[in-house]
Amino acid sequence: MTPPSDTSPDLVWDDDGTPRSGRFGDIYFSPEDGLAETRAVFLDGCGLPDAFAGRDHFCVAELGFGTGLNMAALLMLWREHAAPGARLSLFSIEGFPLSRDEAARALSAWPELEPATRALLDVWPPSTPGMHRLDLPAFNATLDLAIGPVEQGLSNWAGLADAWFLDGFSPATNPDMWSPGVLSRVAARSRPGARLATFTVAGAVRRGLAEAGFSVDKRPGHGRKRERLEAVRDGGPAPKSPLSDIVILGAGIAGAALARAFAAHGSTVEVIEAEAPGSGASGFDAALVTPRLDAGDADLAAGFAQALERAGQLYDAVDGAVLARGVLQLPGRERDIDRHARIAEQPIWQNGHMRVLSPGEASDRLGETVDTPGLLMVDARVVRPRVILSAWLPEGTTRASVARIERHPEGWALHDAEGAIIRRTSCLIVAGGAGAVALLPDLALQPVRGQVEVTPAVSIPLPVAWGGYAIPTGNGLLFGATHDRDDTGVEVRAADTMRNRAALAARFPGLADRAGQGPVFSRAATRATTPDRLPYAGAIQEGLYMLGGLGSRGFCLAPLLAEHIAALCLDRPSPMPDAFSRRLDPRLRESGLAKPAKPSDVGAS
10 MTPPSDTSPD LVWDDDGTPR SGRFGDIYFS PEDGLAETRA VFLDGCGLPD AFAGRDHFCV
70 AELGFGTGLN MAALLMLWRE HAAPGARLSL FSIEGFPLSR DEAARALSAW PELEPATRAL
130 LDVWPPSTPG MHRLDLPAFN ATLDLAIGPV EQGLSNWAGL ADAWFLDGFS PATNPDMWSP
190 GVLSRVAARS RPGARLATFT VAGAVRRGLA EAGFSVDKRP GHGRKRERLE AVRDGGPAPK
250 SPLSDIVILG AGIAGAALAR AFAAHGSTVE VIEAEAPGSG ASGFDAALVT PRLDAGDADL
310 AAGFAQALER AGQLYDAVDG AVLARGVLQL PGRERDIDRH ARIAEQPIWQ NGHMRVLSPG
370 EASDRLGETV DTPGLLMVDA RVVRPRVILS AWLPEGTTRA SVARIERHPE GWALHDAEGA
430 IIRRTSCLIV AGGAGAVALL PDLALQPVRG QVEVTPAVSI PLPVAWGGYA IPTGNGLLFG
490 ATHDRDDTGV EVRAADTMRN RAALAARFPG LADRAGQGPV FSRAATRATT PDRLPYAGAI
550 QEGLYMLGGL GSRGFCLAPL LAEHIAALCL DRPSPMPDAF SRRLDPRLRE SGLAKPAKPS
610 DVGAS
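In terms of the working numbering, the sequence shown opens at residue 10 and continues consecutively.
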């Protein structure tokens, strides 16, 4: 379903300061005391905080995020009553999001919620459609906010809720939020015994909930409302047992992102690496964080946009990790000029954050002559890989070379080249880049060798990519890279240095001339890619997971994909939309059930 082009709530303020949606002609909360209403209808209605008792994880889902009042009140309750170390997962859907300033004005009425409202406002997301993961570490919580139509948001969420707040605008003015299809999806995403609460007692809602499998009861209302509803899910999907004893194979960006994702859930992992962390393709002096640009496949385009947003959030939180913000993508072929224009018009980007520059504008920004338009990716970055790996990998990474893995009764066994068992584990995640090619021969992985050159004391005002790329390292310039399939050699080759110099000179002779004045240091590594250039992220067999085939997009994709795999292992809600995660699922990919990418829509950028 395509999101509506106009997502403004048409917010107006009543004389008493109550926010009202002009679109739906309804208020966001009671003018008498919206917080008291939230506590009575939703918190008490779902049996909170008593339901937190004995839980190391709890999940609350909501229809109608609005001002964030319900979530702010819930966060304060969770911080007061949750067990030490317990995690809270929040999910909410909003079709017509408020701006941060509008939410701040609405929430300022309750200073007692200030810690929670400040935490929410600090991570308030853009109003672009899709899923946004927001970190709330002061409350051991995350919020996955889906912006767009309610059925689309529900169909893309793969979590299971312990409690539901149904807080859309009145069924009389906003019937889409209360349709039988929506209520059926709510039931499908509920754990057995999940509690549900709502302010409305409309007959259609009561019947819809009952038909979806809830036991429904009327309760005394709050304020002017005489009655409200409480409901309990009669059945539902049986919960899975979270996996423990988790081993991650590989200490590049994929392995580091996985370790960070599990640590965010309070889980300890062991990382095994054949050499030093970052010894492979994640060990260059600098790395691009850019999305794959897709003009014709909405699910993939949105997934990569979300991955870029999430990567930026997490890298910005690592001191010293970000070298530059903003990357200029030049067309590699004539047809890319039109494709870049269509990409810039996609609603998945914030206004002005993906825009086409004229040749003159691109030349001015770059300080080099550019004879074609260029696509400025404002949210793309250049990062320091070593800083990120150091921040995210656990201390004491295990040094071992794994030559083979095999199933055993309790999980998986890792063998060395002589056949000796290095480790047994109930949960193994292969994240070894090109090393996964030999370990998982049934997957369509292909090694690709790349060599780059680094020259000190040469600067560039704007990172640029065109098939090759030239980016800052903090004290010099990195440029390249070669791209040789089925080549696993990592020795430096003089011929490849000449290739990289020639590619730079063909596009930017002035920059190439400056780069040729001083010494050049070269490095080669092998990464893994797939025929359709989409990564693998998901389960292969019971207890065996894969995060790989990232190709040249590892630093963009790994943070979000790692959180998805951690969620699968721990039975927590994934931040990834189901429409995107299915495209990357190894079992669906190998069975041919995942929707294939459209080659005509995908460019080299």
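Cβ coordinates follow ideal geometry from the N, Cα and C atoms, glycine included.
Every unbroken alpha helix (DSSP H) within the stretch 80–140, with a cutoff of 4 residues, ordered by chain:
109–116 and 123–131
From F105 to V195, what distance separates their C-alpha atoms?
Indexing the sequence shown from 1 puts residue 105 at position 96. Indexing the sequence shown from 1 puts residue 195 at position 186. Distance between the alpha carbons of F105 and V195 is about 20 angstroms.
Can you tell which of I36, G139, P286 and R542 has the C-alpha that lies nearest to the C-alpha of R408?
For the purposes of this step, residue 408 is identified with residue 399 of the sequence shown, where counting begins at 1. Residue P286 holds the alpha-carbon nearest to the alpha-carbon of R408 among I36, G139, P286 and R542.
Let me make sure I understand the geometry here. Which of G177, P28, A147 and G321 has the alpha-carbon closest to that of A118?
Position 109 of the sequence shown holds residue 118. Nearest of G177, P28, A147 and G321 to A118, Cα basis: P28.
Would L375 and L337 be called neighbours here (beta carbons separated by less than 8 angstroms)?
Position 366 of the sequence shown, counting from 1, holds the residue named residue 375. Position 328 of the sequence shown, counting from 1, holds the residue named residue 337. A contact, by the Cβ cut-off of 8 angstroms.
Among G54, L339 and Q161, nearest to D587 - alpha-carbon criterion:
For the purposes of this step, residue 587 is taken as the residue at position 578 of the sequence shown. Closest by alpha carbon: Q161.
Hey, V69 and L107 are a contact pair by Cβ (cut 8 angstroms); roughly how many whole angstroms apart?
In the sequence shown, the residue the question calls residue 69 occupies position 60. In the sequence shown, the residue the question calls residue 107 occupies position 98. Not a contact, Cβ separation roughly 20 angstroms.
6 angstroms CB neighbourhood of W401 in its chain, flanking five on each side removed
Position 392 of the sequence shown, counted from the first residue, corresponds to residue 401. Result list for W401: A265, A268 and R269, in chain order.
Own chain residues within Cβ distance below 8 angstroms of E500, not counting five before or after
As a working note, residue 500 is residue 491 in the sequence shown. Once the five neighbours on either side are set aside, the close Cβ partners of E500 are A533.
Count the CB pairs spanning the stretch 237–246 and the stretch 403–418 that are closer than 8 angstroms, and state whether there are at least three.
no
What does DSSP give as the partner residue(s) for K227 in the beta ladder?
Position 218 of the sequence shown, counted from the first residue, corresponds to residue 227. Checking the DSSP bridge columns, you'll see K227 partnered with L238.
What does DSSP give as the partner residue(s) for W22 in the beta ladder?
Locating residue 22 in the sequence shown gives position 13, counting from the first residue. In the DSSP output, where bridge partners are listed per residue, W22 has P28.
CA-CA distance, G292 and T535?
Position 283 of the sequence shown holds residue 292. Position 526 of the sequence shown holds residue 535. Answer to the nearest angstrom: the Cα atoms are 11 angstroms apart.
According to DSSP, what are the bridge partners of F178?
The residue labelled residue 178 in the question sits at position 169 within the sequence shown. Note: F178 sits in no beta bridge, so no partner.
Just the C-alpha distance for I36 and P356, rounded to the nearest angstrom, thanks.
In the sequence shown, residue 36 corresponds to position 27, counting from 1. In the sequence shown, residue 356 corresponds to position 347, counting from 1. Whole-angstrom Cα-Cα distance: 28 angstroms.
With C-beta atoms as the reference, is T464 less than 8 angstroms away from G527?
In the sequence shown, counting from the first residue as 1, residue 464 sits at position 455. In the sequence shown, counting from the first residue as 1, residue 527 sits at position 518. Yes, the pair counts as a contact, with Cβ atoms nearer than the cut-off.
Can you tell me where the beta strand (DSSP E) holding M555 begins and where it ends?
Mapped onto the sequence shown, residue 555 falls at position 546. Segment L553 to G557, the beta strand (DSSP E) holding M555.
Applying the criterion that 16 or more other CB atoms from any shown protein chain within 10 Å of the CB defines a buried residue, is A546 buried or exposed?
In the sequence shown, counting from the first residue as 1, residue 546 sits at position 537. That one is buried.
Return the CA-CA distance between P608 and R596, expressed in angstroms with no decimal places.
Translated into positions along the sequence shown, residue 608 becomes position 599. Translated into positions along the sequence shown, residue 596 becomes position 587. Its pLDDT being 40, under 50, P608 is placed unreliably by the model, and nothing is read from it.
Distance between beta carbons of R393 and G329, contact taken as under 8 angstroms
Position 320 of the sequence shown, counted from the start, is the residue given in the question as residue 329. Position 384 of the sequence shown, counted from the start, is the residue given in the question as residue 393. Contact flag correct, Cβ pair sits at about 7 angstroms.
For G31 and G217, the rounded distance between their alpha carbons
As a first step, residue 217 must be located in the sequence shown, where it is residue number 208. As a first step, residue 31 must be located in the sequence shown, where it is residue number 22. The straight-line gap from Cα to Cα measures roughly 27 angstroms.
Which residues bound the beta strand (DSSP E) around Q161?
Locating residue 161 in the sequence shown gives position 152, where the first residue counts as 1. DSSP places Q161 outside any beta strand (DSSP E); the residue lies instead in the alpha helix (DSSP H), whose first and last residues are V159 to N165.
Beta bridge counterpart(s) of F530 as assigned by DSSP:
In the sequence shown, counting from the first residue as 1, residue 530 sits at position 521. According to DSSP, which records beta bridges pairwise, F530 is partnered with V463.
Just the Cα atoms here: how many angstroms apart are S367 and D373?
Translated into the one-based positions of the sequence shown, residue 367 becomes position 358. Translated into the one-based positions of the sequence shown, residue 373 becomes position 364. So the alpha carbons of these two residues sit roughly 10 angstroms apart.
Euclidean distance between Cα positions of V21 and D176:
Locating residue 21 in the sequence shown gives position 12, where the first residue counts as 1. Locating residue 176 in the sequence shown gives position 167, where the first residue counts as 1. Computed Cα separation, rounded: 19 angstroms.
Collapsed DSSP secondary structure at G547 in the structure displayed:
Translated into positions along the sequence shown, residue 547 becomes position 538. G547 falls in the strand class under three-state DSSP.
Helix, strand or coil for D522, going by three-state DSSP, please let me know.
Counting from one through the sequence shown, the residue named residue 522 turns up at place 513. DSSP places D522 in helix when its eight states are reduced to three.
CB-CB under 7 angstroms to A304, same chain, minus the five flanking residues each way: which ones, in chain order?
Residue 304 sits at position 295 when you count from the first residue of the sequence shown. The answer, listed in chain order, is R348, R351, I352 and D610.
Which whole-angstrom value describes the C-beta separation of F33 and E46, a residue pair presumed to lie in contact below a C-beta threshold of 8 angstroms?
The residue labelled residue 33 in the question sits at position 24 within the sequence shown. The residue labelled residue 46 in the question sits at position 37 within the sequence shown. The pair is not a contact, with the Cβ atoms about 18 angstroms apart (cut-off 8 angstroms).
Can you tell me whether P13 is buried or exposed, with buried defined as 16 or more other CB within 10 angstroms of its CB?
Here the question's residue 13 lines up with position 4 in the sequence shown. In this predicted model, P13 has a pLDDT of only 44, less than 50, meaning its place in the structure is not dependable; the value taken from the coordinates is given anyway. With fewer than 16 other Cβ atoms within 10 Å, it is exposed.
Anyone know if the C-beta pair for V391 and P450 falls short of 8 angstroms?
Along the sequence shown, read from residue 1 onward, the residue named residue 391 stands at position 382. Along the sequence shown, read from residue 1 onward, the residue named residue 450 stands at position 441. Contact check for V391 against P450 fails: the beta carbons are separated by 8 angstroms or more.
Verify whether the separation of the beta carbon atoms of F174 and A206 is less than 8 angstroms.
Position 165 of the sequence shown, counted from the first residue, corresponds to residue 174. Position 197 of the sequence shown, counted from the first residue, corresponds to residue 206. Yes, the Cβ-Cβ distance between F174 and A206 is below 8 angstroms.
Is DSSP giving A283 helix, strand or coil here?
Start at 1 with the first residue of the sequence shown, and residue 283 comes out as number 274. A283: coil per DSSP, three-state reduction.
Taking 8 angstroms as the threshold (C-beta atoms), are R364 and V256 in contact?
By 1-based counting over the sequence shown, the position of residue 256 is 247. By 1-based counting over the sequence shown, the position of residue 364 is 355. Result no, Cβ atoms of V256 and R364 do not sit closer than 8 angstroms.
A514 lies in the beta strand (DSSP E); which residues open and close that run?
As a working note, residue 514 is residue 505 in the sequence shown. First-last for A514: A503 to R516, but that is the alpha helix (DSSP H), not the beta strand (DSSP E).
Between G558 and A537, how many whole angstroms is the CB-CB distance? I'm expecting something under 8 angstroms.
Reading the sequence shown from its first residue, position 549 is the one you call residue 558. Reading the sequence shown from its first residue, position 528 is the one you call residue 537. Their Cβ separation, rounded to whole angstroms, is 5 angstroms, which keeps G558 and A537 in contact under 8 angstroms.
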